[in-house]
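Heads up: take any position in the sequence shown, counting from 1, add 32, and you land on the working numbering.
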Amino acid sequence: MATISRAQLLHHPSAYFSRLPHSHSSFSINFRRRKFSVTPPLLCSSSSSSSSSSASTNPSIVGDLLNYLNESWTQFHATAEAKRQLIAAGFHLLNENDEWDLRPGGRYFFTRNMSCLVAFAVGEKYISGNGFHVIAAHTDSPCLKLKPKSASSKSNYLMLNVQTYGGGLWHTWFDRDLSVAGRVIVRASDGSFLHKLVKVKRPLLRVPTLAIHLNRTVNTDGFKPNLETQLVPLLATKPEEAFPESKEKSSSSPKAAHHPLLMQILSDELGCDVDDIVNIELNICDTQPSCLGGANNEFIFSGRLDNLASSYCALRALVDSCGSPGDLSSEHAIRMIALFDNEEVGSDSYQGAGAPTMFQAMRRIAGSLANSYAGESAFDRAIRQSFLVSADMAHGVHPNFMDKHEEHHRPEMHKGLVIKHNANQRYATSGVTAFLFKEVAKMHNLPTQEFVVRNDMGCGSTIGPILASGVGIRTVDCGIAQLSMHSVREVCGKEDIDIAYKHFKAFYQTFSSIDRKLIVD
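If you want it as structure tokens, here you go:
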């Protein structure tokens, strides 16, 4: 066993975890003269988990999901990582500005704003008028974002002004080890501009709570911070006078809008001069890695499970459903995923589900594959034969707040995808679409659950109704059960990740055969 000092463990824990041989099930920590034997936690860089599972008949994707979550601190990083995996799997990158030349059996994708992605695989037996089988999810999560002018200072602290994005549980962001990530526009040496992603992995920021000695009634009156004045992260105590050059910058310069210390940190990460950074778009992010938890490692503890867990299951299902020769040989439809941004704030954006991105892509795909003759209203017929799975995380029953769920619809972890129903169309599920999606599960012996909100409570919504009404496509709303939704740190069941992946993959592989057995109109 390896023996390490307390100081070494505290300052460089990851280095010592990574040095452990796979055969070691434990190691000892030398705190002065006493030794404690502990089991190292499974963090996201779980190569041993992935390798062991890949040898089994039904490999788990949980280890790969942890890797994806830890790469995807922002919607930009989530899209970039999905792009990387699609290219590695043999998908061809398209540009929305170019003319598309598509072929049956081909696999393609494009990105928009580097926060929205559409990927698709064309069945080899596709003919004009055949439908699309789509799984849609979103890449964004509630978070804090830097204001255009973030620099502020109070009581000799350097602080960052932030704005809230989405409906977060903002009290959970206090006393967390935070940092920044997002995208930066950099001026190149030839005068052009480059779009780059940045992620500062070390703890950089903190939103400290007020000590109970100064807020004696907090446990009885509740913690109700003012989001404008009390949700302001600390950056440093170093005074601005250490950077006198900042006073010479124009008010429109990003160097004037943001602390020079922050800009220097960003330039170090990017390997460029501070003066070459012309604009930034940054999220505040929690630095704690995603990991397995629970006594039996049955939970996933992570930020951004809503909705990167759904996004990744959809991505992997598409890739794995057409990764081998012959996977598309008998497919008549087009398999597709659509990952949108800005769902947490209503989807009404260029990169959100409210934009006609998916509809336009479908029309272009159908047109490119139609060749010279498509027949009467081929695209409209294709939409009528299409089916959309709107995948967004679901509310699992909370053991401490069971009365918040309708007593006959209490989704549990490890029990399969939750099909969401709402008579007022907050979800797009109908009796027909629920039946068809459950038939997919039934054919593959996969469990499903049902959810409706209580009549005396409001109901959230998803991109399902937006796409169903905007495109005119049959839709089912579903999700993986989770707890702590919209917290900085959420939890879901490990088994549900693999169940969702198998259900989505089965949807691509068998929906055509199921759909033709039911005639409604």
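No residue lacks a Cβ here, since even glycine has one placed at the ideal position from N, Cα and C.
Just so it is clear, the structure is predicted and the values come from calculations on it, not from any experiment.
Query - Within 9 Å, strictly: CB atoms of alanine 538 and valine 450 - result: no
Report task. Have a look at Ser343, Ile495 and Ser418 and flag the residue whose alpha-carbon is nearest the alpha-carbon of alanine 559. Result -> Outside the shown range of the chain (33 to 553) lies residue 559, about which nothing can therefore be said.
Query raised in the report: So, are the CB atoms of alanine 114 and leucine 371 less than 9 Å apart?
Result: yes
Query - Whole-angstrom distance between alanine 473 and glutamine 467, CA atom to CA atom - result: According to the sequence provided, residue 467 is phenylalanine. The question's glutamine does not apply to it. Cα to Cα, the separation comes out at about 10 Å.
**Report entry** Collapsed DSSP secondary structure at lysine 115 in the structure displayed
**Finding:** Helix.
Query raised in the report: When the Cα atoms are used, what is the spatial distance from aspartate 209 to glycine 355?
Result: The alpha-carbon atoms of aspartate 209 and glycine 355 are separated by roughly 39 Å.
**Report entry** Enclosing alpha helix (DSSP H) for glutamate 471 [first to last residue]
**Finding:** 463-475
Report task. Determine, using beta carbons only, whether proline 479 and glycine 448 come nearer to each other than 9 Å. Result -> Against a cut-off of 9 Å, the Cβ pair of glycine 448 and proline 479 comes out as a contact.
Query raised in the report: If we count Cβ pairs, one from each stretch, closer than 8 Å, do we get three or more for the segment 211-231 versus the segment 309-322?
Result: yes
Query raised in the report: Relative to the alpha-carbon of lysine 177, which residue among Cys148, Tyr189 and Ala213 has its alpha-carbon at the smallest distance?
Result: Ala213
Report task. Using DSSP bridges, identify the partner residues of alanine 426. Result -> Answer is Ala513.
Query raised in the report: Do glutamate 313 and arginine 215 have their CB atoms nearer than 9 Å?
Result: The Cβ-Cβ distance between glutamate 313 and arginine 215 falls below 9 Å.
Report task. Below 6 Å CB to CB, which residues in the same chain sit around leucine 401 once its five sequence neighbours on both sides are set aside? Result -> Leu134
Query raised in the report: Along the chain, where does the alpha helix (DSSP H) that runs through phenylalanine 537 open and close?
Result: It should be noted that the sequence gives lysine, not phenylalanine, for residue 537. Segment 526-547, the alpha helix (DSSP H) holding lysine 537.
Query raised in the report: Does any CB atom of chain B fall closer than 9 Å to the CB of valine 429?
Result: Checking the listed chains, one finds no chain B in this structure; it contains a single protein chain.
Requested in this report: Return the bridge partner residues of valine 218 from the DSSP annotation.
Outcome: Leu226 and Ile309
Query - Per-residue DSSP class, three states only, for glycine 355 - result: coil
Query raised in the report: When the Cβ atoms of the segment 182-193 are set against those of the segment 241-251, are three or more pairs found closer than 8 Å?
Result: no
**Report entry** leucine 98 burial status per 10 Å Cβ neighbour count (16 or more: buried)
**Finding:** buried
Query raised in the report: Which whole-angstrom value is the C-beta distance of cysteine 148 and threonine 389, which I expect to be below 8 Å?
Result: 6 Å
Query - Collapsed DSSP secondary structure at leucine 550 in the structure displayed - result: coil
Report task. Find out if the Cβ-Cβ distance for the pair cysteine 323, phenylalanine 333 is shorter than 9 Å. Result -> yes
Query raised in the report: Sorted by chain position, which residues of the same chain lie with C-beta nearer than 6 Å to aspartate 547's C-beta, five sequence neighbours on each side aside?
Result: Excluding residues within five positions, none has a Cβ falling inside 6 Å.
Requested in this report: Output the distance between the C-alpha atoms of phenylalanine 108 and serine 379, rounded to the nearest integer angstrom.
Outcome: 16 Å
Query raised in the report: Taking the C-alpha atoms as reference points, what is the distance between serine 224 and methionine 146?
Result: The C-alpha of serine 224 lies about 19 Å from the C-alpha of methionine 146.
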